[in-house]
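Using the numbering used here, read the sequence shown as starting at 22 and increasing by one per residue. Cβ coordinates follow ideal geometry from the N, Cα and C atoms, glycine included. Here the structure is laid out as structure tokens; the discussion comes afterwards.
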Amino acid sequence: MIVEDADCLKDWVIAELSKESIDADPDAVAKYTVALVRKGPDTEEEFKPSICENLSVFLTENTESFVMRLFSVLQDKSYITQTDTTGDPTLTL
Numbered sequence: 022m023i024v025e026d027a028d029c030l031k032d033w034v035i036a037e038l039s040k041e042s043i044d045a046d047p048d049a050v051a052k053y054t055v056a057l058v059r060k061g062p063d064t065e066e067e068f069k070p071s072i073c074e075n076l077s078v079f080l081t082e083n084t085e086s087f088v089m090r091l092f093s094v095l096q097d098k099s100y101i102t103q104t105d106t107t108g109d110p111t112l113t114l
């Protein structure tokens with residue numbers, strides 16, 4: 022899949038993982054997730070089962086809901102942020 026801003030996607034994944042109860046390092050899981058997304062097939066139908074299987078080791082019962090949110094932000098690109106003049110990240114509209 023095409024990831025327009027890998028750093029922003031990684032930051033989004035870390036923020037989402039902070040809401041989950043996982044034993045793994047969120048930064049490491051985020052890097053792994055971004056790598057999976059970048060190397061995965063272009064269509065969600067082909068890719069969703071594979072990424073669910075790979076991330077289930079870390080997210081257990083929360084995997085499917087996380088992957089649904091992930092594909093949603095990949096589709097609408099809402100993971101991409103920009104810095105405003107105050108230095109605070111804001112969503113790009």
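Cβ contact annotation for residue 84 (same chain, cutoff 8 Å, sequence separation greater than five): 73, 76, 77, in chain order.
Inter-residue distance for residue 87 and residue 35 is about 12 Å (C-alpha atoms, whole angstroms). In its chain, beyond the 5 residues on either side, 41, 43, 87 have a beta carbon closer than 7 Å to the beta carbon of residue 80.
As the crow flies, the alpha-carbon of residue 96 is around 17 Å from that of residue 56.
DSSP places residue 75 in the uninterrupted alpha helix (DSSP H) bounded by 65-80.
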